[in-house]
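Read through the structure below, which is laid out as structure tokens, and then see the notes.
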Amino acid sequence: MQTSITGLPDLTNKRFVVLGIQGSGKSVLVKYILKSYKHSIVYDVLREHQGLDRYFVERRQVVKHNEDDPAIIELNNFVNQVVIGSGQIRLFVLEEANRYCPPKPTPLPSSILDLNDFNRHDKIAWGAVARRPSQLNTDLIDLAHYLFLFELPGKHDRDYLSDIIDGLGEAVRDLPPYHFIIVEHNRKFQTHKPIPFLLGG
Ligand SMILES: Nc1ncnc2c1ncn2[C@@H]1O[C@H](COP(=O)(O)OP(=O)(O)OP(=O)(O)O)[C@@H](O)[C@H]1O
Ligand SMILES: [Mg+2]
Numbered sequence: 294m295q296t297s298i299t300g301l302p303d304l305t306n307k308r309f310v311v312l313g314i315q316g317s318g319k320s321v322l323v324k325y326i327l328k329s330y331k332h333s334i335v336y337d338v339l340r341e342h343q344g345l346d347r348y349f350v351e352r353r354q355v356v357k358h359n360e361d362d363p364a365i366i367e368l369n370n371f372v373n374q375v376v377i378g379s380g381q382i383r384l385f386v387l388e389e390a391n392r393y394c395p396p397k398p399t400p401l402p403s404s405i406l407d408l409n410d411f412n413r414h415d416k417i418a419w420g421a422v423a424r425r426p427s428q429l430n431t432d433l434i435d436l437a438h439y440l441f442l443f444e445l446p447g448k449h450d451r452d453y454l455s456d457i458i459d460g461l462g463e464a465v466r467d468l469p470p471y472h473f474i475i476v477e478h479n480r481k482f483q484t485h486k487p488i489p490f491l492l493g494g
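Residue numbering for the sequence shown follows the numbering used here, starting at 294 and increasing by one per position.
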């Protein structure tokens with residue numbers, strides 16, 4: 294794994310997913326990542342990312358989960374026009390991704406499908422943030438180059454992870470506060486110490 298000074302992988306042109314319960318440290322890591330890459334932007338659903346390039350979401354609630362839903366239209370417009378369309382963005386993070394990309398059979402928003410294609414062709418790194426793996430479309434998890442896993446106390450979530458990789462659920466169970474596990478696409482994983490809070494927060 295190619296790593297930066299902090300031991301984080303190089304996310305250039307990569308897809309990643311950040312998972313963990315409320316308050317486990319996801320947004321602190323996301324802030325650190327956003328600050329580390331030029332031309333990055335976050336879809337800031339809960340307004341957690343003051344001081345960074347971010348999009349203020351007008352409609353937080355997704356009701357119908359189809360392309361007519363105003364919240365999905367808003368996301369699609371932003372991703373198509375700014376993230377992909379501007380040609381400027383090199384890293385995009387979707388916070389609260391479970392609201393927009395819940396498990397199948399709900400289809401992924403069309404812009405997210407496009408992003409997965411454009412990510413390969415146009416060199417846009419992008420990450421999805423959610424609390425629980427079972428609340429997120431499995432394609433995002435299966436296609437991710439990297440998973441960043443914080444505390445997940447639920448047995449159901451840990452069983453889900455152990456189904457993907459032997460021993461992963463147990464490793465997540467044993468994580469100290471704010472520590473996280475980085476899973477590579479080749480299924481290797483390692484525990485990472487907390488992001489220095491002043492850098493991330
Ligand atoms: N690496 C860290 N070192 C020290 N404290 C941390 C660290 N990461 C998070 N914290 C503490 O935990 C709080 C919550 O972290 P964060 O906002 O990243 O949680 P989250 O996982 O994004 O939660 P949510 O699901 O509610 O968005 C921070 O405000 C900070 O007080
Ligand atoms: Mg958060």
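Here a beta-carbon is modelled for each residue, glycine too, at the ideal position from N, C-alpha and C.
All figures in this text were calculated on a predicted structure; none of them were measured in a lab.
Are any of the Cβ atoms in chain D nearer than 8 Å to that of residue i?
i	result
Phe349	The displayed structure is made up of one protein chain only, and chain D is not part of it.
Output needed for residue i: all residues of its chain with C-beta closer than 6 Å, excluding positions within five of it in sequence on either side, in chain order.
i	result
Val310	Ala421, Leu433, Ile434, Ala437 and Leu440
Ser329	none
Lys331	none
Asn373	Ser404
Arg549	Residue 549 lies beyond the stretch modelled for the chain, which goes from 294 to 494, so this question has no answer here.
Asn391	Ala423, Gln428 and Leu429
Using the Cβ count rule (16 or more neighbours within 10 Å means buried), how would you classify residue i?
i	result
His581	Any answer about residue 581 is impossible in this case: the structure gives the chain only from 294 up to 494.
Pro402	buried
Phe371	buried
Asp456	exposed
Glu389	buried
Pro398	exposed
Asn359	exposed
Val356	exposed
Leu408	buried
Gly447	exposed
Gly462	buried
Leu468	buried
Leu406	exposed
Which same chain residues, not among the five before or five after residue i, have their C-beta less than 8 Å away from its C-beta?
i	result
Ile326	Leu301, Leu304, Ser333, Leu384, Val386 and Gly420
Asp415	Ile377 and Gly380
Ile458	Val476, Arg480 and Phe482
Phe349	Asp337 and Arg340
Gln295	At Gln295, the pLDDT of 48 sits below 50, so the modelled position is not reliable and the matter cannot be decided from this model.
His478	Ala437, His438 and Tyr439
Ser427	Pro396, His449, Asp450 and Tyr453
Glu367	Val350, Glu351 and Arg352
Phe411	Ile377 and Ile417
Asn369	Glu360, Pro402, Ser403 and Ser404
Ala464	Ile474, Phe482 and Thr484
Between which two residues does the beta strand (DSSP E) harbouring residue i extend?
i	result
Arg308	Arg308 to Leu312
Tyr471	Neither: Tyr471 is in no beta strand (DSSP E) and is coded neither H nor E.
Thr484	Phe482 to His485
Go through its chain and collect everything with a Cβ distance to residue i's Cβ below 7 Å, but skip five positions before and after it.
i	result
Gln315	Arg424
Pro363	Arg352
Lys319	Val311, Gly313, Val422 and Phe443
Pro487	Gly318, Tyr471 and His472
Phe490	Val321
What residue range does the alpha helix (DSSP H) around residue i cover?
i	result
His449	Lys448 to Ile457
Going by DSSP, which residues form a beta bridge with residue i?
i	result
Tyr439	Phe309 and Glu477
Gly420	Phe309 and Val386
> For the region 328-396, which segments carrying the alpha helix (DSSP H) assignment without a break, of at least 4 residues, lie completely within its bounds, in sequence order?
Replying inline: With a minimum length of 4 residues, the continuous alpha helix (DSSP H) runs that stay inside the region 328-396 are 363-371 and 390-393.
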